[in-house]
Amino acid sequence: MIPAKYSFLRKELPKRSIRKLIDVVYRRKVERHIFLPSGFSFYLVRGREGAYIVFDRNYCSCIDFLLSVIIREERKLCYHIAAVMMAEDMNLVRTIEHKDDELETVLREIFMQ
Ligand SMILES: [Zn+2]
């Protein structure tokens, strides 16, 4: 289920995160929201516990990223970032386009969930 290229994730992430990772990638819960005409974009990973924003594959808005990556420096990524990498590689990302002036509304909807 995990492509060989990403087998390193089995060491990097806890077992429960691997299950969630496979779930969000194959269920196509990884979205790329792109704003036009600027081209600004971010990813949104809709996990069971909530939807989290991933920027540039090196920042995620989840608590695990804050605790395990930034504060405790135990890992380099959370499963949401891994999901973005894998889904992009496997062509499983859903792209959603918006107009630039919809950015604030879209962000508010995400954070209100
Ligand atoms: Zn995350």
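The opening residue of the sequence shown carries number 0 in numbering that gives the first Met the number 0; numbering runs sequentially from there. Cβ atoms here follow ideal geometry from the backbone N, Cα and C, with glycine treated the same way.
- For A81, the enclosing alpha helix (DSSP H) covers residues 78 to 88.
- By the Cβ rule, the region 80 to 95 counts as touching the region 2 to 17, because three or more pairs are nearer than 8 Å.
- Assigned with DSSP and collapsed to three states, R45 falls in strand.
- Going by beta carbons, I33 and I109 fall outside the 8 Å limit.
- For V23, the uninterrupted alpha helix (DSSP H) run begins and ends at 14 to 25, by DSSP.
- The beta carbon of R45 sits closer than 6 Å to the beta carbons of K28 from its chain, once the five residues preceding and following it are set aside; these are given in chain order.
- Not one heavy atom of ligand 1 is found less than 7 Å from the C-beta of Y42.
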